[in-house]
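This report concerns only the one structure given below.
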């Protein structure tokens, strides 16, 4: 064992033997977090109570998200992928499903009773590498897929005649693959900077699985750059794109609603055939419903992703607001709160689809043996 590894092992052992589970170690020094306790802002007992409440609610939404997104994937697969929007929505459902699974694992490992149950591994450190870090990057994937869906709808409004040539099923599939690669690849840089080791703790007469940093200065610099670009800039940029597109689509919806009222009044006095009027109305209604659904999905995303962006900005601005910092306990608490918000975000899409997409609603009901008589209606739309 080289000296740096021996030092890592000693710090890890000291961290686990302390009564404070949030006294953690790094490859160079170990920093406890007495600042918050000393200021009376948040004690260990208060933190544990807050974590219990937030994680319990989060797990409820995670279960709902797992079930809901599996149903989303099944229903969208039954609807087929002739429309590019179905590919994007399936990718979003898959990403949200992964978030829900990883969130369930991370939340479980952060629960105070689970941490204190004599586990053969350090639940916080191990779950951070196997759950929380990957969860953070997968949420970036969901953010960028949401941004792509919103941008796609904007193009449909701006260039309705050209968009089908620009946004094909192949184009959408390529875009989704690029998004997944760019948002999840940084995780592997973080992952390979650490390794799992079995550490003997004489105080507990036990050997516990933990993680240690490889301690490479070049890697630490690379990880810092990746964290700034992919951990802060990427998600905030996606957040801004979703906000801009949502505002634009909301304004266009109001204009389209006003235009439809005027067009309906004119058509009622014109001599157009009923079939032509019905066809035009059906196409227009379908576009409006899809835009409304995208606006609803984007709006929920904006509300639920705002705490994450605030946390990212605070982390970038305040050095002590992070792991090993003075405000580490507060960072943990807000991290769990963002986890809850993302769990809510990933579990609500099925409600939006069911209420706003008639094809989805009919297919889902038929999946459970309901409304089989609506097969004709499904074929017409």
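Numbering (my numbering), first residue to last: 26 to 406.
Virtual Cβ for every residue (Gly too), placed ideally from N, Cα, C.
In angstroms, rounded to a whole number, what distance separates the CA positions of residue 220 and residue 152? Along the chain shown, read from residue 1 onward, the residue named residue 220 stands at position 195. Along the chain shown, read from residue 1 onward, the residue named residue 152 stands at position 127. Their backbone Cα atoms lie some 13 Å apart in a straight line.
Spell out the partners DSSP gives residue 225 in its beta bridges. Residue 225 sits at position 200 when you count from the first residue of the chain shown. BP columns for residue 225 point to 232.
Go ahead and pull the three-state DSSP assignment for residue 220. The count along the chain shown starts at 1 and reaches residue 220 at position 195. Shown here, residue 220 sits in a strand according to DSSP, grouped into three states.
What separation, rounded to the nearest whole angstrom, lies between the Cα atoms of residue 104 and residue 95? Walking along the chain shown from the start, residue 104 turns up at place 79. Walking along the chain shown from the start, residue 95 turns up at place 70. Between the alpha carbons of residue 104 and residue 95 lies a distance of about 14 Å.
Nearest neighbour of residue 180, chosen from 277, 345 and 139 [CA to CA]: As a first step, residue 180 must be located in the chain shown, where it is residue number 155. Relative to the Cα of residue 180, the nearest Cα in the group 277, 345 and 139 belongs to 277.
Cβ neighbours of residue 192 in the same chain (closer than 7 Å, five flanking residues each side left out): Numbered from 1 along the chain shown, position 167 holds the residue referred to as residue 192. The answer, listed in chain order, is 109, 177 and 180.
In terms of alpha-carbon separation, which member of 144, 79, 216 and 198 lies closest to residue 368? One-based indexing of the chain shown puts residue 368 at position 343. Among 144, 79, 216 and 198, the Cα nearest to that of residue 368 is on 79.
Pick from 235, 210, 332 and 142 that is closest to residue 222, judged by C-alpha positions: In the chain shown, residue 222 corresponds to position 197, counting from 1. Per the Cα distances, 235.
Assumed close pair residue 340, residue 347 - CB separation to whole angstroms, cut-off 8 Å: As a position in the chain shown, residue 340 is number 315, starting the count at 1. As a position in the chain shown, residue 347 is number 322, starting the count at 1. Going by Cβ atoms, the distance from residue 340 to residue 347 rounds to 5 Å, so yes, they are a contact pair.
The alpha helix (DSSP H) with residue 187 in it runs from where to where? Counting from 1 along the chain shown, the entry for residue 187 is found at position 162. Looking at the DSSP string, residue 187 is not in any alpha helix (DSSP H), and its letter there is neither H nor E.
Measure the CB-CB distance between residue 196 and residue 113 and report whether it falls below 8 Å. Here residue 196 corresponds to residue number 171 of the chain shown, with the count starting at 1. Here residue 113 corresponds to residue number 88 of the chain shown, with the count starting at 1. Not a contact, by the Cβ cut-off of 8 Å.
By alpha-carbon positions, which one of 141, 190 and 215 ends up nearest to residue 162? Position 137 of the chain shown, counted from the start, is the residue given in the question as residue 162. Comparing Cα-Cα distances from residue 162 to each of 141, 190 and 215, the minimum goes to 215.
Give me the DSSP bridge partner(s) of residue 237. As a first step, residue 237 is located in the chain shown; it is residue number 212 there, counting from the start. Residue 237 is bridged to 220.
Tell me the start and end of each unbroken alpha helix (DSSP H) in the region 55-131 that is at least 4 residues and wholly inside, in chain order. Here the runs fully enclosed are 59-64 and 69-104.
Residue 230, buried or exposed, once every other Cβ within 10 Å from all chains shown has been counted against 16: As a first step, residue 230 is located in the chain shown; it is residue number 205 there, counting from the start. Burial is judged here by how many other beta carbons sit within 10 angstroms of a residue's own beta carbon; residue 230 has fewer than 16 and is exposed.
Residue of 335, 184, 140 and 239 minimising C-alpha distance to residue 258: On the chain shown, position 233 is the one that residue 258 refers to. For residue 258, the closest C-alpha among the options 335, 184, 140 and 239 is that of 335.
Presumed contact (8 Å Cβ cut-off) between residue 373 and residue 325, rounded CB distance: Counting from 1 along the chain shown, the entry for residue 373 is found at position 348. Counting from 1 along the chain shown, the entry for residue 325 is found at position 300. About 6 Å separates the beta carbon of residue 373 from that of residue 325, a gap short enough to meet the 8 Å contact definition.
Any 3 or more C-beta pairs closer than 8 Å across the region 115-134 and the region 78-93: Short answer: they touch.
Residue 351 and residue 345 - do their beta-carbons sit closer together than 8 Å? Residue mapping note: residue 345 aligns to position 320 of the chain shown, counting from 1. Residue mapping note: residue 351 aligns to position 326 of the chain shown, counting from 1. Closer than 8 Å, so yes.
Between which two residues does the alpha helix (DSSP H) harbouring residue 363 extend? Here the question's residue 363 lines up with position 338 in the chain shown. Its alpha helix (DSSP H) spans residues 353-381.
Quick one: measure Cβ to Cβ for residue 254 and residue 147, integer angstroms, because I've assumed they're closer than 8 Å. Working through the chain shown from its first residue, we reach residue 254 at position 229. Working through the chain shown from its first residue, we reach residue 147 at position 122. No, residue 254 and residue 147 are not in contact; Cβ-Cβ is about 29 Å, not under 8 Å.
How far does the alpha helix (DSSP H) with residue 150 in it extend, from its first residue to its last? What you label residue 150 is simply residue 125 of the chain shown in a count that begins at 1. It spans 148-152 - the alpha helix (DSSP H) in which residue 150 sits, taken as one unbroken run.
Counting only the same chain and skipping the five closest in sequence on each side, list residues whose C-beta sits under 8 Å from that of residue 218. Within the chain shown, the letter at position 193 stands for residue 218. For residue 218, where only same-chain residues beyond five positions count, the Cβ hits under 8 Å are 238, 239, 241, 244, 245 and 248.
Answer yes or no: do residue 263 and residue 169 have a C-beta to C-beta separation smaller than 8 Å? Taking the chain shown and counting its residues from 1, one reaches residue 263 at position 238. Taking the chain shown and counting its residues from 1, one reaches residue 169 at position 144. Their beta carbons are under 8 Å apart, which means residue 263 touches residue 169 by this criterion.
Simplified DSSP assignment, three categories, for residue 145: The residue you call residue 145 lines up with position 120 of the chain shown. If DSSP states are grouped into helix, strand and coil, residue 145 belongs with coil.
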